[in-house]
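Worksheet: one structure, shown below.
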Amino acid sequence: YEIPAAAQFVVSTFVIVEMAETGTEGMTYGLLTTAHNLSSPFARAVANQIYQSFRPSLSLASNYIEDDPAFRGVVFSSFLLSFALAVSSFVFLAFLPNQKDQAQRWKRVLPHRTGYAVFTVVLLSVAL
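Here you go:
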């Protein structure tokens, strides 16, 4: 788990640094680091809310000890949901530039909108 996460962080850091305006690299990197550090606890909190609705409960150790076929189905469903969400994250790869030249071209050509910044700050504030 650690190696793919580290590779993802390095790649996303390169993209952010490439897109950052001169003089704002530190702030951009800080924003990236905050988003990265918030992602795991926020995902766990959301997952706990989703998994609490599974019956029999995934939180009770006695369900694992009994090893009931119905509970096995619930565990399988939880793994299937986790896997489906992990695989669905690959959709966001389409939003990454292919090369450094494309990142710089997007920086020049794509419109700058304050709404994107506001949305990002609000999203990170809610996650805190």
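Each residue of the sequence shown is one higher than the one before, starting from 298 at the first, in our numbering.
The beta carbon of each residue, even a glycine, is placed where N, CA and C say it ideally should be.
Inspect the beta-carbon positions of V312 and L393 and report whether they are closer than 8 Å. In contact: V312 and L393 (Cβ atoms closer than 8 Å).
Confirm, please, whether the CB-CB distance from L335 to L407 is below 8 Å. For L407 and L335, no; Cβs fall outside 8 Å.
Straight-line Cα distance separating Q401 from F376: Taking the straight line joining both Cα atoms gives about 39 Å.
Looking at the secondary structure, which residues open and close the alpha helix (DSSP H) in which R341 lies? Taken as a continuous stretch (DSSP letters only), the alpha helix (DSSP H) holding R341 covers E322 to Y348.
Rounded separation between A381 and F387 - CA only: C-alpha separation (whole angstroms): 10 Å.
Pick helix, strand or coil for R352, following the three-state DSSP scheme. If DSSP states are grouped into helix, strand and coil, R352 belongs with coil.
Under 8 Å between C-beta atoms of V371 and F389: No, the Cβ-Cβ distance between V371 and F389 is not below 8 Å.
Who are the near neighbours of L421 in its chain, counting only those whose CB is closer than 7 Å to its CB and skipping five residues on each side? Listed in chain order, the non-local C-beta contacts of L421 below 7 Å within the same chain comprise T331, A332 and L335, local neighbours out to five positions each way being set aside.
Where do the ends of the alpha helix (DSSP H) carrying T319 lie? Membership of T319 in any alpha helix (DSSP H) is not indicated, and neither H nor E is assigned to it by DSSP.
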